[in-house]
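A short worksheet on the structure shown next.
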Amino acid sequence: MTEVKPKCQTCENLNCLIRKNSMKEGMDVYLDQKVTISCKKSQNFIIEGSPVYGLFFVYKGKAKVAKTGINGREQIIRFVGNGEIIGHRGFGAQNFYQINAVTLENTVICNFSTKVLEEMMQHIPSLTYDFMLFYSDELNKSETKVKKFAQMTVREKVIDAILYINRKFGLVDGLLALQLSRKEIADFAGTTEEQVIRTLSALKKEKLLTSSGKKIGISDPEKLKSEIAVHNYFIDS
DNA sequence: GCATTAATTGGTC
DNA sequence: GACCAATTAATGC
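The number in this note's numbering is simply the position in the first sequence, starting from 1, with 297 added.
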């Protein structure tokens with residue numbers, strides 16, 4: 298752990314709420330209290346049910362946020378990349394995390410304690426406002442997701458999941474930059490691994506998707522989008 | 001190359 | 001459309 302703590306003021310993750318406000322008067326004292334940790338792939342750095350110890354930001358890497366169901370069934374809430382927040386539901390009244398967060402690759406994470414965050418919020422209004430907008434947006438996404446889960450067919454859910462991953466992480470050589478197992482796609486889409494596999498091979502046969510090994514490529518994004526357009530696919534849930 | 005893990009396929013409820 | 005079992009492909013050591 299000889300990592301140099303990245304400075305917020307010069308961080309390249311311009312979408313990070315802390316970064317956005319890092320130049321504000323009085324921020325320095327809070328930013329100095331940041332803790333940065335280096336996680337290997339598949340590290341469970343937030344454990345469901347454990348006491349809240351602040352807010353996390355992805356500095357570099359990727360992670361998934363999930364809730365565990367009864368018989369090992371997992372519901373992936375969302376995927377996060379550079380500059381994004383994790384654990385924000387634990388901020389405020391709640392004392393225990395309601396989610397698990399696991400890295401999908403080697404990932405560097407910044408952490409602010411709840412105490413430091415509270416002080417920041419009290420003293421930097423623009424930061425507080427940005428957070429409010431963020432929470433509002435999250436709630437909107439969450440509501441959209443409820444609708445999707447209730448109304449979409451499996452095929453639509455899988456298409457939606459693929460497009461979401463594409464929107465968020467993009468393609469490399471025509472293949473999704475974030476490589477997930479079929480099980481993970483299923484846990485995110487709200488269906489089973491087998492259904493995902495069957496849907497993927499159907500879409501492949503229809504020439505809407507391509508694949509190279511276990512990696513997935515998109516060959517006809519417009520057609521995919523039009524299939525779920527009726528569900529407002531463009532809302533990034 | 002072998003052993004473990006993931007993907008796929010077929011069948012049942 | 002979920003769950004289970006058997007087969008096959010992919011990947012780690």
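Ideal placement from N, C-alpha and C gives every residue a C-beta, glycine not left out.
- In the DSSP annotation of this structure, isoleucine 459 is not part of any beta strand (DSSP E); the continuous alpha helix (DSSP H) holding it starts and ends at 451-466.
- Here threonine 488 is buried: its Cβ has 16 or more other Cβ atoms, across all protein chains shown, within 10 Å.
- Comparing C-alpha distances from methionine 418 to each of Thr333, Tyr356, Glu322, Lys512 shows the shortest one belongs to Glu322.
- Proximity of the segment 380-390 to the segment 338-349 meets the contact definition, three or more beta-carbon pairs being nearer than 8 Å.
- When the five nearest sequence neighbours on each side are left out, the beta carbons in the same chain lying within less than 8 Å of the beta carbon of lysine 504 are those of Ser516, Asp517, in order along the chain.
- Selection Ile462, Asp484, Asp470 evaluated against glycine 369 yields Asp484 as nearest (Cα-Cα).
- Only exposed fits aspartate 329, as fewer than 16 other CB atoms lie within 10 angstroms of its CB.
- Around the beta carbon of asparagine 529, fewer than 16 other beta carbons lie within 10 angstroms, which makes this residue exposed.
- Beyond the five residues adjoining it in sequence on each side, glutamate 524 comes within less than 7 Å, by CB distance, of Glu453, Ile456 in the same chain, given in chain order.
- The beta carbon of lysine 501 is closer than 8 Å to those of Thr507, Ser508 in its chain, skipping five residues each way along the sequence.
- In terms of Cβ geometry, tyrosine 394 and serine 423 do not form a close pair [threshold 8 Å].
- The continuous stretches of alpha helix (DSSP H) do not include lysine 331, and DSSP gives it neither H nor E.
- Taking phenylalanine 466 as the centre and dropping the five residues before and after it, the same chain places the C-beta of Lys359, Phe376, Gly378, Leu473, Ala474, Leu475 closer than 8 Å to its C-beta, in chain order.
- Here alanine 398 is buried, its C-beta having at least 16 other C-beta atoms within 10 Å.
- In the displayed model, leucine 497 falls within a helix according to three-state DSSP.
- One alpha carbon belongs to serine 319, the other to valine 405, and they sit about 19 Å apart.
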